[in-house]
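Only one structure is covered here, and it is reproduced in the block below.
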Amino acid sequence: MNTAEKYMNRCLELAQLGAGSVAPNPMVGCVVVHEGKIIGEGYHQKCGEAHAEVNAIRSVKDKVLLKTSTLYVSLEPCAHFGKTPPCSDLIIEHQIPKVVVGSIDPFAAVAGKGIEKMEKAGIEVQLGVLEEECLWLNRRFFTFHQKKRPYLILKWAQTLDGFLDIDRAQQTFGQPTWISNELSRRQVHKQRTEEDAILVGTNTALKDNPSLTVREWVGKQPLRLLIDRKNRLAESLNLKDGSVPTVVFTEEKIDSKANLEYIRIDFDTNILPQLLAWLYARDIQSVIVEGGQFLIQSFIDQGLWDEAHVYFGNTFFVNGVPAPKLPVPPIRSENMHDTQLRFFVNRLK
Ligand code: AOF
Ligand code: ZN
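All residue numbers for the sequence shown refer to full-length UniProt numbering, where the first residue is 1 and numbers rise by one.
The structure is reproduced here in structure tokens:
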């Protein structure tokens, strides 16, 4: 790691302190370096509040030193008046001669304009330091702005012989249906707190009666999303209990009530683009697609996915619903517990 990368790495460390409280804004960290010493640090702490650069500059005691310092920041300084004034203006005002940027802001109101402004003011701007790491940290934010859709995570558990579920019509009494174990279940709950929404199809809602809430971890509940073309799902299902906000995509016209919103879409044409457009308009930056087989396979077939988390249990079903098929082999795996493995595929790395 060279010197610039070390400072950028510190920016990334700082940025992560904002995890969970800055969305839909990105996590951003910033350091001010004077003669080889860090004299100021800051990060974006909360959506609506000061940006990383503002906090870093504020923390510098002797502001005169800024005129001979370098500012490192993991995301391009903004150029727009949003909930806060432009960071690029603040940098220019303090006459900081050099700025090192980790990644360019994909947000349309910025998108290179911050860099342009600073360069016009005579500031030397260096780009691309630890860019891959900066993009990875804010992968949801980047995907959302660049692809105009949420970051899509497919998640399922399958048996060692490649089944997603048993054939319930032929289920023998006492046959186990759980593939995942306690540890992987907790991991799933933790992940729910990290994403904005969670989606299931009609059959999964009917057969499994899932709650899709966070119970085995502490954190925010994701928005629950259901697909129910003919409005077949009974109000008695856990997903419709009104305990957390839930959206049902249907072709029927149904009045929404507290925590249960019905959105009408056209099922005679491809529904995924309609769903994603709606989620984009709602500022939903990430979605976990939890099932079932048909829905997950539709996302794969249309190239609409960014990560797949596949949990392999140590059970065999011999017969049942086949697991979805990914076009690429898993490239990273984690041992969850004993023989349980979590395979991780992400398309950005
Ligand atoms: C920066 N530094 O630390 C962050 C930036 O509504 P606002 O004013 O908070 O602006 C939000 C947008 O600003 C956000 O979408 C992203 O483009 C940028 N975030 N920019 O210079 C920061 N968090
Ligand atoms: Zn800013």
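Where is the CB? At the ideal position from N, CA and C, for every residue including glycine.
Because the structure is a prediction, the values reported are computed rather than measured.
Any heavy atom of ligand 1 within less than 6 Å of a residue's beta carbon puts that residue on the list, which reads Asn25, Pro26, Val28, His44, His51, Ala52, Glu53, Leu75, Pro77, Cys78, Gly82, Lys83, Thr84, Cys87, Asp105, Phe107 and Val110. Restricted to the segment 10 to 73, the beta strand (DSSP E) segments that are unbroken, complete and at least 3 residues in length are 29 to 34, 37 to 43 and 70 to 73, listed in chain order. Annotation for Ala323: Gln158, Gly162 and Leu164 place their beta carbon closer than 6 Å to its own, counting only its chain and skipping 5 residues before and after. Per the C-alpha coordinates, the member of Glu35, Pro327 and Asp228 positioned closest to Asp266 is Asp228.
Here the alpha carbon of Val73 sits roughly 6 Å from the alpha carbon of Val100. Secondary structure note for Ala281: its alpha helix (DSSP H) is the uninterrupted segment Ile271 to Ala281. Counting C-beta pairs with one atom in each stretch, the segment 142 to 152 and the segment 266 to 280 have three or more that are closer than 8 Å, which means they touch. Taking a C-beta distance under 8 Å as the contact criterion, Gly102 and Met8 qualify as a contact pair. Between the beta-carbon of Val110 and that of His80 there is about 6 Å, and that keeps the pair under the 8 Å contact cut. Counting along the chain, the unbroken alpha helix (DSSP H) around Glu119 starts and ends at Lys113 to Lys120. For the 8 Å CB-CB criterion, Asn231 and Val244 do not form a contact.
Fewer than three beta-carbon pairs drawn from the segment 135 to 142 and the segment 108 to 125 are found closer than 8 Å, and the two stretches are therefore not classed as touching. Look at Leu326 here: in three-state DSSP terms it is coil, with no helix or strand label. Of the residues assessed, Leu127 falls on the exposed side of the cut-off, its CB having fewer than 16 other CB atoms within 10 angstroms.
Partner residues in the beta bridge of Glu261, as assigned by DSSP, are Val247.
The beta carbon of Glu261 is closer than 6 Å to those of Val247 in its chain, skipping five residues each way along the sequence. Note on Gly303: under 16 other CB atoms within 10 angstroms of its CB, so exposed under the neighbour-count rule.
The criterion of a C-beta distance shorter than 8 Å is satisfied by Glu290 and Leu199.
The Cβ atoms of Val31 and Arg58 lie no closer than 8 Å to each other.
Using a Cβ distance threshold of 8 Å, Gln95 and Lys67 count as a contacting pair.
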